[in-house]
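Below: one structure, written as structure tokens.
Protein chains in written order, with our numbering: chain Z, 1 to 75; chain F, 101 to 175; chain W, 201 to 275; chain B, 301 to 375; chain E, 401 to 475; chain S, 501 to 575.
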């Protein structure tokens with residue numbers, strides 16, 4: 001069974017740059033190009049099941065309801 | 101009081117392109133450059149309080165724990 | 201591009217039973233068998249992009265970090 | 301069946317002050333005392349099932365993983 | 401004080417099968433019957449406060465807004 | 501660049517009371533006054549970047565969509 005499409009509006013293709021492996025959860029840094037990175041915290045079991053390591057191609061995805069918006073002042 | 105720094109690792113500066121205004125929540129599309137967009141669903145009250153409209157500068161931010169990772173096969 | 205695997209540990213295959221369509225978000229009830237249902241709230245845009253309607257086959261998925269646990273007393 | 305305890309560390313008892321009812325989701329403002337309020341967005345179906353209205357006693361609860369932290373500068 | 405009802409639409413009663421205990425968070429696998437499992441990541445403090453161990457009866461619950469939907473192709 | 505305002509409706513100013521430091525994530529207890537505490541789980545990297553320690557002033561913030569509501573019976 002293969003997922004064809006997912007409702008998460010926000011999907012970024014990238015390359016795993018670094019994995020900080022923890023006992024239960026791990027932090028995965030994904031380079032999505034143009035000097036931008038997305039950091040994901042997933043279970044260490046998932047890191048192993050997906051076979052993630054630096055250089056792996058991944059999609060980082062998140063639901064729109066999880067995104068907050070802030071206004072800002074120039075420094 | 102001004103927020104200096106926030107722990108959300110994932111922060112993207114962008115421009116509001118479109119707001120789909122709903123009765124309780126609204127969908128805000130943010131252009132973060134390089135043809136990439138982040139979609140956020142926030143309360144319509146927040147849209148009004150932040151004064152968001154197309155052209156507004158915003159930061160889209162989300163916690164690392166909200167980001168899922170997927171592996172993929174080329175089409 | 202096709203997603204091969206996703207880190208969300210919790211994935212349930214089911215059939216859409218009912219969609220309560222809203223202006224910005226919609227509520228989708230998914231029958232996952234054995235009299236169990238999972239309810240998902242996604243953007244109405246996603247409902248349309250995925251072409252969801254009653255009878256559609258879907259996977260409902262969520263991250264482990266989103267699941268709370270409660271102890272209970274028999275009624 | 302009655303829930304005895306739930307793992308959500310953050311639980312605040314309060315009184316519903318206002319409900320902004322939407323087609324699919326509703327915004328519920330809960331007065332938790334000492335001039336503090338917590339706003340919750342839940343499905344309108346849930347508002348009806350719990351019988352929520354201004355004056356209802358409720359517990360607002362959320363998981364620790366959902367809480368972001370920010371440092372700030374005095375105004 | 402006892403919780404009578406909670407707005408989370410998605411509540412599954414089950415038995416804890418396994419706990420992977422970590423320094424700050426732990427991964428709890430809950431057997432919800434019919435060969436289905438839900439995995440939850442909660443604080444290790446919560447595991448201790450709820451007295452969770454293999455064999456404990458629990459309810460796994462999550463908000464509808466946390467559930468993503470995907471369409472799929474047969475393998 | 502300084503964040504002026506953020507859409508998270510729920511923002512509580514407080515003082516860090518305790519940090520339980522883990523390998524990847526840490527648990528931060530924030531005293532928000534009136535004997536109330538909010539617990540946050542953030543990445544340990546964020547704890548270090550924000551320079552959090554007991555006594556630090558912080559804002560704990562979370563989106564309305566993350567807040568569940570429960571009705572309850574007096575003990």
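Each residue gets a CB set at the ideal place from its N, CA and C atoms; glycine is no exception.
Model, not experiment: these values are computed from the prediction.
{"Query": "Cα-Cα separation, residue 56 of chain Z to residue 4 of chain Z", "Result": "20 Å"}
{"Query": "Integer Cβ distance of residue 12 of chain Z from residue 168 of chain F, believed to fall under 8 Å", "Result": "Not confirmed; about 11 Å, so no contact."}
{"Query": "Cβ contact check for the region 126-138 of chain F and the region 530-547 of chain S: 3 or more pairs under 8 Å", "Result": "no"}
{"Query": "Span of the beta strand (DSSP E), counted from its first residue to its last, around residue 439 of chain E", "Result": "436-443"}
{"Query": "Per-residue contacts from residue 173 of chain F into chain S (C-beta, under 9 Å)", "Result": "Simply none; closest approach about 29 Å."}
{"Query": "Residue from W:224, W:221, W:270, W:230 whose Cα sits closest to the Cα of residue 471 of chain E", "Result": "W:230"}
{"Query": "For residue 116 of chain F, three-class secondary structure by DSSP", "Result": "strand"}
{"Query": "Minimum Cβ-Cβ distance from residue 226 of chain W to chain B less than 8 Å", "Result": "yes"}
{"Query": "Chain F contact for residue 323 of chain B (CB, 8 Å cutoff)", "Result": "yes"}
{"Query": "Identity of the residue in F:165, F:149, F:107, F:139 nearest residue 117 of chain F by Cα", "Result": "F:139"}
{"Query": "Straight-line Cα distance separating residue 423 of chain E from residue 514 of chain S", "Result": "25 Å"}
{"Query": "Residue-chain proximity (residue 464 of chain E, chain W), Cβ-Cβ < 8 Å", "Result": "yes"}
{"Query": "Alpha-carbon spacing of residue 373 of chain B relative to residue 108 of chain F, whole angstroms", "Result": "17 Å"}
{"Query": "CB contact below 8 Å: residue 306 of chain B versus chain W", "Result": "yes"}
{"Query": "Residue 137 of chain F: CB within 7 Å of a non-hydrogen atom of the ligand HEM", "Result": "Summarising the ligand content, the structure contains no ligands, and the ligand HEM is consequently not present."}
{"Query": "Beta carbon proximity, residue 586 of chain S to chain F, threshold 8 Å", "Result": "There is no way to answer for residue 586 of chain S, as the model of chain S reaches only from 501 to 575."}
{"Query": "Reference residue 54 of chain Z; option with closest CA among Z:21, Z:6, Z:10", "Result": "Z:21"}
{"Query": "DSSP three-state assignment for residue 364 of chain B, whether helix, strand or coil", "Result": "helix"}
{"Query": "Start and end residues, beta strand (DSSP E) containing residue 325 of chain B", "Result": "325-333"}
{"Query": "Proximity below 8 Å, CB of residue 425 of chain E to CB of residue 25 of chain Z", "Result": "yes"}
{"Query": "CB of residue 341 of chain B within 8 Å of CB of residue 565 of chain S, strictly", "Result": "yes"}
{"Query": "Neighbouring residues, chain S, relative to residue 334 of chain B (Cβ below 9 Å)", "Result": "533, 534, 536"}
{"Query": "Residues near residue 359 of chain B in its chain [Cβ-Cβ closer than 6 Å; skip 5 each side]", "Result": "311, 313"}
{"Query": "Residue 240 of chain W at chain F interface by Cβ criterion, 8 Å", "Result": "no"}
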